[in-house]
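Undergrad: Starting off with a structure, shown below.
Number of protein chains: 2
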Amino acid sequence: MPALIIDGRAAREAYMPALQARIKALIAPPTLAIIQVGDRPDSTAFIKAKSAFAVKVGAKTRHIHLSEDASQADVIKSVQECNASHDIHGIIVQLPLPITIDQDAVIEAIDPRKDADGLTALNVKHWLEGREDAIMPATARGVKELLEHYKLSLFGKHVVVVGRSMLVGKPLAALALNENATVTICHSRTADLAQETKKADVLIVAAGRPALIGPGHVHEGAVVIDVGINDAKREKLEEEIPGRKLVGDVDFAAVLPALGDAGAITPVPGGVGPMTVLGLIENLVDLCARV
Amino acid sequence: MPALIIDGRAAREAYMPALQARIKALIAPPTLAIIQVGDRPDSTAFIKAKSAFAVKVGAKTRHIHLSEDASQADVIKSVQECNASHDIHGIIVQLPLPITIDQDAVIEAIDPRKDADGLTALNVKHWLEGREDAIMPATARGVKELLEHYKLSLFGKHVVVVGRSMLVGKPLAALALNENATVTICHSRTADLAQETKKADVLIVAAGRPALIGPGHVHEGAVVIDVGINDAKREKLEEEIPGRKLVGDVDFAAVLPALGDAGAITPVPGGVGPMTVLGLIENLVDLCARV
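Protein sequence lines correspond, in order, to chains A and B.
Residue 268 in the working numbering sits at position 268 of the first sequence, with consecutive numbering throughout.
Residue 1107 in the working numbering sits at position 107 of the second sequence, with consecutive numbering throughout.
Here you go:
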C-alpha cells in the first residue's frame, strides 16, 4: 500500500459545517477587510480566492484597493479607518507591499484585535508563548487543523521545519513546540539538509524551492507537509491560485513511494493551500466573536 | 589536553572597557529602573548584583521597591512613571511577580523604547525576526557575546537548545537561527534527550534541572553552554547570586573529560551568569544612546 495522501480540500469540507454554524450564530456576518496596494496579478488572484471562500461560509470581505503609487501614510490611513469601523472585524494587508512602503509600520498599524493574519507584535508574542487565544498566521493554523483532522499528533515527535520566515516557518516551529514536539529548524544555510530531514517524524517544508525534498530526504513512515507553492515557471507564490499549474517544495511523485504504507504526504495543490484559506476565515470568526 | 573552560568573568572583563567608553561618551549616565514587588531574598540579591555591576561601569540603577501587597494598578503606575521620566533610560521588572499580578500586563506597560529585558511584544517580534536593532533578553545577548569573545561561530552549526522559556530558551533559539545555525529545541517532553543533544555542535542548556546533562549527552568536540542556575538545595534560580553555592544543568566534572581537547564548556558559576549582567547593562546603554 502506498503512503496516505492527505487531502486538504476534503479536510476543509469537513471543517466547514462547524464554521458555518459559528458564523450563523453571530449577530452580523464577520467581515474581513483586505487592503491591496497596486495591481500584482497574483495578489488579485489570492484575494479573489479568499473572498470566494468567505462568501461560501457566510462571511464577507471588503476589498480596499489602493493604487500602486499610494504613500505609506495613505495605506496606514486605510488601516486606521478599518480599525475604527464597527462593520469590520478583521484586517489583512495583502503582501508584498510596494518596496517604497515600510511593511512593518503598516502591519503594526493594525489593531491587534483585528489582526486576522496574526502578524502584529502582540499576536507574534502570543503565538510564540503558545497562548490558546493567540491568532496564528493562517498557514500555521491550517497545518494544525489538517494534522488534527487526520489525527496526526505532534506530541513527543521530532518535527523538522524547513524554512524560517515570520509568515510560515517560525509560526510552524512555534506551533510544533507548543504541541510538545522536539523541533529542528533548517534553512538555506543548513550544512546537510538530507541528514536533518531524514530524522523527521513529521517534515514541514516551507522553503519556496521546487523539488527541494526528494526521496533521499525522508525516512519510511514519515509525515510530509508541503507548504511550498511554486508556479510552473518555478516562481515561489505566497498562496494557491485556483486553476494555475503549481508544484510544491517536495518532489511528490518521487517521495510518495519512499514513505511506505505508514507514511503520509500532502499534495500541491490541494494540500495545505485550501486549509490556509480556512485558517484565515477561522481567525476572522474568532476575532468577530470576541468583540 | 582537556576541553577549554569558557571563562565568563574574564570575557566580561574584556568587554568592559568598550562599555565604559560608550557610557562616558553619553551626556548623562544611563539609568536603569528596577521595579521589585515584595521581598523575595533571591530577587533582592539579583538586584544587588545588577546594581553593583552597573555602578562599576559608570551606569546607574534606581531601585523602585513596592510592597508585597501592591496592586497590579500600583505596579503599572510605577512602570508608567518610569516611562515618563527623562532620567530613566531602561526599565526592568524583577520577575517573578506575586501571583495575583498579571505579569504580561505589567511587561506590556513598559515603553518598548525603555524595555531593557527585551520582553515587550515589539521587542519579541524584532528579535524573532532577527533585526539588528532588537533588544534581546540579557541572557541571550550574554551568550552571544560570550561565544563571540571565544570566536565560536554558530554559522552552519547544529545548535541544540534545551529549554523553551520566553526569557531564555526561545530567544537563544532565535539567536542561533539568526546566526544561520540549524537549530533543534528540546524540552521536558523530548522523547530521547541524549539522542538529540549528542548531535549538537553547540549545546545550550537552559532547563533548570541540576545534572540533566551527563557525559552520555554530548559528542567529543562539542561546545556546551550551561545557562542553568540551581542552588545547593537544587532549586532553580533565575540568575547568579555572588557567594551562593550554585550548580548548573550540566554535570560539569563528568562532562568535561567527555568533550576531548576540541570541546569547550562553561562552568556554573562564572560562565553565562556574569555575561547576563553585562548583556543587561549593554541593553540599557543601547536604549540610552537611541534617545
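All C-beta atoms, glycine included, are put in the ideal place defined by N, C-alpha and C.
Remember, it's a predicted structure, so these values are computed and weren't measured experimentally.
Answer with yes or no whether the minimum CB distance from residue 1156 of chain B to chain A is below 9 Å.
TA: yes
Undergrad: Rounded to whole angstroms, what is the Cα-Cα separation between residue 1073 of chain B and residue 1048 of chain B?
TA: 26 Å
Undergrad: If contacts are defined as beta-carbon pairs under 8 Å, then residue 229 of chain A and residue 273 of chain A qualify, I think. What distance do you get, rounded to the angstrom?
TA: 6 Å
Undergrad: Flag residue 182 of chain A as yes when its Cβ comes closer than 8 Å to any non-hydrogen atom of the ligand COA, and as no otherwise.
TA: What this structure holds is no ligand at all, so the ligand COA is not there to describe.
Undergrad: Quick check: what's the CA-CA separation for residue 1165 of chain B versus residue 1119 of chain B?
TA: 12 Å
Undergrad: Would you tell me roughly how many angstroms separate the C-alpha atoms of residue 190 of chain A and residue 216 of chain A, rounded to the nearest one?
TA: 16 Å
Undergrad: Rounded to whole angstroms, what's the CA-CA distance from residue 1007 of chain B to residue 1251 of chain B? Just pull it up for me.
TA: Going from the Cα of residue 1007 of chain B to the Cα of residue 1251 of chain B covers about 17 Å.
Undergrad: Keeping to the same chain, check which residues put their C-beta closer than 7 Å to that of residue 1003 of chain B; ignore five residues upstream and five downstream.
TA: 1256, 1259, 1260, 1261, 1263, 1264 and 1265
Undergrad: For residue 31 of chain A, which option in A:62, A:157 and A:152 has the closest C-alpha, if you only look at C-alpha atoms?
TA: Out of A:62, A:157 and A:152, A:62 has the C-alpha closest to the C-alpha of residue 31 of chain A.
Undergrad: Residues in its own chain within less than 6 Å of residue 1182 of chain B by CB, not counting five upstream and five downstream?
TA: 1158.
Undergrad: Candidates A:96, A:33, A:18 and A:275: which alpha carbon is nearest residue 284 of chain A's?
TA: A:33
Undergrad: Which term fits residue 1094 of chain B, buried or exposed, when burial requires 16 or more other beta carbons within 10 angstroms of its beta carbon?
TA: So residue 1094 of chain B counts as buried.
Undergrad: Just to make sure I have the definition right: I need the residues of chain B whose C-beta is within less than 9 Å of the C-beta of residue 166 of chain A. Which are they?
TA: Close to residue 166 of chain A, with beta-carbon spacing below 9 Å, are these residues of chain B in chain order: 1125, 1128 and 1129.
Undergrad: Could you tell me the alpha carbon to alpha carbon distance between residue 125 of chain A and residue 154 of chain A, rounded to whole angstroms?
TA: 22 Å
Undergrad: Are the CB atoms of residue 1248 of chain B and residue 1271 of chain B nearer to each other than 9 Å?
TA: yes
Undergrad: Looking at residue 1185 of chain B and residue 173 of chain A, is the spacing between their C-beta atoms short of 9 Å?
TA: Yes, the pair counts as a contact, with Cβ atoms nearer than the cut-off.
Undergrad: Taking the CB atoms as reference points, tell me whether residue 113 of chain A and residue 237 of chain A lie closer together than 9 Å.
TA: With a cutoff of 9 Å on beta-carbon distance, residue 113 of chain A and residue 237 of chain A are scored as not near each other.
Undergrad: With residue 1124 of chain B as the anchor, note down where its beta strand (DSSP E) starts and where it stops.
TA: Note, residue 1124 of chain B: premise wrong, no beta strand (DSSP E); alpha helix (DSSP H) at 1121–1129.
Undergrad: How about residue 31 of chain A: is its C-beta nearer than 9 Å to some C-beta of chain B?
TA: Cβ-Cβ to chain B under 9 Å: no for residue 31 of chain A.
Undergrad: Could I get the ranges of all uninterrupted beta strand (DSSP E) runs contained in the stretch 1005–1066 of chain B, with 3 residues as the minimum, in chain order?
TA: 1031–1037 and 1060–1066
Undergrad: So which of B:1290, B:1282 and B:1291 has the shortest CA-CA distance to residue 1018 of chain B?
TA: B:1282
Undergrad: What is the residue span of the alpha helix (DSSP H) that residue 1135 of chain B lies within?
TA: Unbroken run through residue 1135 of chain B: none, as it is neither H nor E.
Undergrad: For residue 6 of chain A, go through chain B and note every residue whose CB falls closer than 8 Å to its CB, in chain order.
TA: Correct list: empty, because the minimum Cβ distance to chain B is about 24 Å.
Undergrad: Checking the sheet assignment: what are the DSSP bridge partners for residue 111 of chain A?
TA: According to DSSP, residue 111 of chain A bridges with nothing at all.
Undergrad: Flag this pair as touching only if the stretch 74–84 of chain A and the stretch 101–115 of chain A have three or more C-beta atom pairs under 8 Å; answer yes or no.
TA: yes
Undergrad: Please state if the CB of residue 235 of chain A and the CB of residue 46 of chain A are separated by a distance shorter than 9 Å.
TA: no
Undergrad: Can you tell me whether residue 230 of chain A is helix, strand or coil according to DSSP?
TA: In the three-state scheme derived from DSSP, where H, G and I count as helix and E and B as strand, residue 230 of chain A is classed as strand.
Undergrad: If the cut is a Cβ gap below 7 Å, which residues of chain B does residue 196 of chain A touch?
TA: Chain-order list of chain B residues neighbouring residue 196 of chain A: 1182, by C-beta distance under 7 Å.
Undergrad: Label residue 243 of chain A either buried or exposed according to how many other C-beta atoms from any shown protein chain fall within 10 Å of its C-beta, with 16 as the threshold for buried.
TA: Counting the other Cβ atoms within 10 Å of the Cβ of residue 243 of chain A gives fewer than 16, which makes it exposed.
Undergrad: Between the C-alpha atoms of residue 5 of chain A and residue 220 of chain A, what's the straight-line distance to the nearest angstrom?
TA: Roughly 14 Å between the two C-alpha positions.
Undergrad: Find out if the Cβ-Cβ distance for the pair residue 206 of chain A, residue 161 of chain A is shorter than 9 Å.
TA: yes
Undergrad: Does DSSP put residue 1090 of chain B in a helix, in a strand, or in coil?
TA: strand
Undergrad: Does the Cβ-Cβ distance between residue 1097 of chain B and residue 1168 of chain B come in under 9 Å?
TA: no
Undergrad: Give me the chain B residues within the contact set of residue 191 of chain A, using Cβ-Cβ distance strictly less than 9 Å, ordered along the chain.
TA: Within chain B, the residues near residue 191 of chain A are 1156, 1157, 1158 and 1182.
Undergrad: Which same chain residues, not among the five before or five after residue 1040 of chain B, have their C-beta less than 6 Å away from its C-beta?
TA: none
Undergrad: Where do the ends of the beta strand (DSSP E) carrying residue 285 of chain A lie?
TA: Taken as a continuous stretch (DSSP letters only), residue 285 of chain A belongs to no beta strand (DSSP E), being part of the alpha helix (DSSP H) at 272–290.
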